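Read the structure below first, then the notes.
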Ligand code: NI
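Residue numbers (this note's numbering): 26 to 488.
So this is what it looks like as structure tokens:
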């Protein structure tokens, strides 16, 4: 039996002295994979360290509503860098918490909402699933979730306590319900009713350790091994065997967070002497003409990823890069969303005599809120930037960037800066009948870049 704990806080001080034993106990109980949810600046930082050390642990990065109003702008900038790190599979936990604690000032609802919305925007830009924390604030939380939806990569209502009343809305938004220790509490009948009726493909198990232990450990520290008690309670409520429940919920977790251990999919493939690297299926844009909207296939290669490949897998998969004309980072998505991995692999390629090209939408400044070009020097030999239109308004209509900034201007600025820094840059446009490709060519050349028109839906073959 394999269980996945989709929400733990193992970076917490509560585990400082016995973290390894805790992980060992979890493993022995069948908890093979864990997702460590982010909550605060310091926690997010620790999580990145933890997931580097523990192979079966993945992370999520986010700022919990309790962190507001006392968390400032730089924390959001840091988040952008952290969200691009390896094994970060979600954004969260984020949300609203209006619970009033005695001896504490009342929650600042406006500050929480502002931070929640900001992070919802970020989740859309990075196309990551979200982990949502809501306490005594379901009306407002669902209001804002609807405002910023739809969420193409879904999410989970962590420790779902919205009852039957809000379940339909949650399911209609494509979200999962996260169920933990409270399902075993005598007073949690509403939560048990949710567990009875929720579709089997929308149920996730979580401990929220060190918080919310099951009834038999109440008042004490929770730990991932107690996920089994949660699973048993849910199996009884749903009238299925523990094995069936474990299988269903683990499949759900793998699907939402893209955790497939064995078959990540095709991440390295060669076409006519070029080696392509499929880094991610996520993108900061949603082009109306994007081939991935129709099918995730290039030539004979199916490019859906059930897990994003790690740098070490990519380097092994590339083999001898000098055998190829170029190693091209493209993704069936935006490779810059995985910049640290991209640069690590590019470094290995360069050190073995390979040549590196990066195909990008040029959104780096929006993704990171800073200039990434200096760190790419010496590692990226050429940029290929898809601009697709010389007209900002048409660009927005066709490319549909997941950001409200004037993205066209940002891309033009990225191209111009790259040229000035000495990078060879090719500007591309898909030849659509409504696009004035001559104007794109003129703009590219005025920036000092080359221009290449691309035939619509013609992928991986010379034009
Ligand atoms: Ni939590």
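From the three backbone atoms N, C-alpha and C, an ideal C-beta is built for every residue, glycine too.
Note that the coordinates shown come from a computational prediction; the quantities given were computed from them, not determined experimentally.
Less than 7 Å between the CB of residue 168 and some heavy atom of ligand 1, yes or no?
Against the chain shown, residue 168 aligns to sequence position 143. Outside the cutoff, so no.
Please list, in chain order, all residues of the same chain as residue 342 whose beta carbon is under 6 Å from its beta carbon, the five residues on each side excluded.
If you number the chain shown from 1, residue 342 lands on position 317. Excluding positions up to five away in sequence, the list reads 293.
Buried or exposed: which applies to residue 253, given that a residue is buried once 16 or more other Cβ atoms fall within 10 Å of its Cβ?
Locating residue 253 in the chain shown gives position 228, where the first residue counts as 1. A residue is called buried once 16 or more other Cβ atoms fall within 10 Å of its Cβ, and residue 253 is buried on that count.
Closest residue to residue 134 among 78, 95, 261 and 35 (Cα-Cα distance):
Locating residue 134 in the chain shown gives position 109, where the first residue counts as 1. Answer by Cα proximity: 95.
Using beta-carbon positions only, say whether residue 101 and residue 121 come within less than 8 Å of one another.
As a working note, residue 101 is residue 76 in the chain shown. As a working note, residue 121 is residue 96 in the chain shown. Note that the C-beta distance between residue 101 and residue 121 is not below 8 Å.
Measure from the alpha carbon of residue 378 to the alpha carbon of each residue in 406, 365 and 356, then state which is nearest.
Residue 378 sits at position 353 when you count from the first residue of the chain shown. If you compare the alpha carbons of 406, 365 and 356 with that of residue 378, the shortest gap goes to 406.
Beta-carbon proximity list for residue 182, same chain, < 8 Å, skipping 5 on both sides:
Numbered from 1 along the chain shown, position 157 holds the residue referred to as residue 182. Non-local beta-carbon contacts of residue 182 in its own chain, meaning distances under 8 Å to residues more than five positions away in sequence, involve 157, 159, 195, 200, 201, 202 and 203 in chain order.
Per DSSP, which residues does residue 200 bridge with? Please list them.
Position 175 of the chain shown, counting from 1, holds the residue named residue 200. Its beta-bridge partners are 180.
When the Cα atoms are used, what is the spatial distance from residue 372 to residue 365?
Numbered from 1 along the chain shown, position 347 holds the residue referred to as residue 372. Numbered from 1 along the chain shown, position 340 holds the residue referred to as residue 365. Rounded to whole angstroms, the separation of the alpha carbons of residue 365 and residue 372 is 11 Å.
Which value, in whole angstroms, describes the spacing of the CA atoms of residue 459 and residue 315?
By one-based count along the chain shown, residue 459 stands at place 434. By one-based count along the chain shown, residue 315 stands at place 290. Note on geometry: alpha-carbon atoms of residue 459 and residue 315 lie some 15 Å from one another.
Residue 60 to residue 113, Cα distance in whole Å?
Within the chain shown, numbered from 1, the residue matching residue 60 stands at position 35. Within the chain shown, numbered from 1, the residue matching residue 113 stands at position 88. Approximately 9 Å, taken between the alpha carbons.
What number of angstroms, rounded off, separates the C-alpha of residue 26 from the C-alpha of residue 163?
As a first step, residue 26 is located in the chain shown; it is residue number 1 there, counting from the start. As a first step, residue 163 is located in the chain shown; it is residue number 138 there, counting from the start. Their Cα atoms are separated by approximately 34 Å.
Coil, strand or helix - residue 82 by DSSP:
For the purposes of this step, residue 82 is taken as residue 57 along the chain shown, with counting starting at 1. For residue 82, the secondary structure class from DSSP, reduced to helix, strand or coil, is strand.
Could you name the residues that DSSP lists as bridge partners for residue 408?
In the chain shown, counting from the first residue as 1, residue 408 sits at position 383. DSSP lists 383 and 450 as partners of residue 408.
Straight-line Cα distance separating residue 40 from residue 47:
Counting from one through the chain shown, the residue named residue 47 turns up at place 22. Counting from one through the chain shown, the residue named residue 40 turns up at place 15. Going from the Cα of residue 47 to the Cα of residue 40 covers about 8 Å.
For residue 399, three-class secondary structure by DSSP:
Your numbering for residue 399 matches position 374 in the chain shown. In the three-state reduction of the DSSP assignment, residue 399 falls in the helix class, which pools H, G and I.
What whole-angstrom Cβ distance do residue 391 and residue 430 have, given they're in contact under 8 Å?
The sequence position of residue 391 within the chain shown is 366, counting from 1. The sequence position of residue 430 within the chain shown is 405, counting from 1. Contact check for residue 391 and residue 430: beta-carbon distance about 6 Å, within the 8 Å limit, so the pair qualifies.
In the DSSP assignment, the alpha helix (DSSP H) including residue 125 goes from what residue to what residue?
Within the chain shown, the letter at position 100 stands for residue 125. That residue, residue 125, is in no alpha helix (DSSP H); it is neither H nor E in DSSP.
Distance check for residue 205 and residue 167, CA to CA, integer angstroms please.
For this step, residue 167 is matched to residue 142 along the chain shown. For this step, residue 205 is matched to residue 180 along the chain shown. Distance between the alpha carbons of residue 167 and residue 205: 21 Å.
Taking 8 Å as the CB-CB cut-off, is residue 475 touching chain D?
Among the protein chains of the structure shown there is no chain D, as only one such chain exists.
What does DSSP give as the partner residue(s) for residue 40 in the beta ladder?
Here residue 40 refers to the residue found at position 15 of the chain shown. In the DSSP assignment, residue 40 forms no beta bridge with any residue.
Return the CA-CA distance between residue 246 and residue 49, expressed in angstroms with no decimal places.
Counting from one through the chain shown, the residue named residue 246 turns up at place 221. Counting from one through the chain shown, the residue named residue 49 turns up at place 24. C-alpha separation (whole angstroms): 16 Å.
Measure the CB-CB distance between residue 302 and residue 259 and report whether it falls below 8 Å.
In the chain shown, counting from the first residue as 1, residue 302 sits at position 277. In the chain shown, counting from the first residue as 1, residue 259 sits at position 234. Their beta carbons are not under 8 Å apart, which means residue 302 does not touch residue 259 by this criterion.
DSSP state of residue 158, grouped into three classes?
Taking the first residue of the chain shown as 1, we reach residue 158 at position 133. The three-state secondary structure of residue 158, taken from DSSP, is strand.
My output table needs one value for residue 349: the three-state DSSP class, helix, strand or coil.
Along the chain shown, one-based indexing puts residue 349 at 324. Note: residue 349 maps to coil in three-state DSSP.
Contact test: residue 118 Cβ vs ligand 1 heavy atom, cutoff 7 Å:
Sequence index remark: in the chain shown, residue 118 carries index 93 (1-based). Within the cutoff, so yes.
Just to check my reading of the structure: residue 155 and residue 186 have Cβ atoms closer than 8 Å, yes? What is that Cβ distance to the nearest angstrom?
For the purposes of this step, residue 155 is taken as the residue at position 130 of the chain shown. For the purposes of this step, residue 186 is taken as the residue at position 161 of the chain shown. With a beta-carbon spacing of about 17 Å, residue 155 and residue 186 fall beyond the 8 Å limit used to define contacts.
Candidates 65, 72 and 82: closest to residue 99 by CA position:
For the purposes of this step, residue 99 is taken as the residue at position 74 of the chain shown. Considering only alpha carbons, the answer is 65.
Less than 8 Å between the beta carbons of residue 360 and residue 368, yes or no?
Position 335 of the chain shown, counting from 1, holds the residue named residue 360. Position 343 of the chain shown, counting from 1, holds the residue named residue 368. Inclusion of residue 360 and residue 368 in the CB contact set at 8 Å is not warranted, their separation being larger than that value.
If we ignore side chains and look at the alpha-carbon of each, how far apart do residue 222 and residue 263 end up?
Here residue 222 corresponds to residue number 197 of the chain shown, with the count starting at 1. Here residue 263 corresponds to residue number 238 of the chain shown, with the count starting at 1. Distance between the alpha carbons of residue 222 and residue 263 is about 8 Å.
What is the DSSP secondary structure of residue 163, reduced to helix, strand or coil?
Here residue 163 is taken as the residue at index 138 of the chain shown, counted from 1. In the three-state reduction of the DSSP assignment, residue 163 falls in the helix class.
Whether residue 485 touches residue 324 by CB criterion (8 Å):
Mapped onto the chain shown, residue 485 falls at position 460. Mapped onto the chain shown, residue 324 falls at position 299. Yes, the pair counts as a contact, with Cβ atoms nearer than the cut-off.
Range of the contiguous alpha helix (DSSP H) that encloses residue 236
Residue numbering aside, residue 236 sits at position 211 when the chain shown is read from its first letter. No alpha helix (DSSP H) contains residue 236, which DSSP labels as neither H nor E.
Quick test of your reading: residue 235 and residue 32, contact by CB under 8 Å. State the CB separation rounded to the nearest angstrom.
As a first step, residue 235 must be located in the chain shown, where it is residue number 210. As a first step, residue 32 must be located in the chain shown, where it is residue number 7. With 8 Å as the limit, residue 235 and residue 32 do not qualify as a contact, their Cβ atoms being about 12 Å apart.
For a test of your reading of the model: does the CB of residue 37 fall under 7 Å from any non-hydrogen atom of ligand 1? Yes or no.
In the chain shown, residue 37 corresponds to position 12, counting from 1. Flag unset: Cβ of residue 37 not near ligand 1.
From which residue to which residue does the alpha helix (DSSP H) around residue 150 run?
Here residue 150 is taken as the residue at index 125 of the chain shown, counted from 1. Counting along the chain, the unbroken alpha helix (DSSP H) around residue 150 starts and ends at 134-151.
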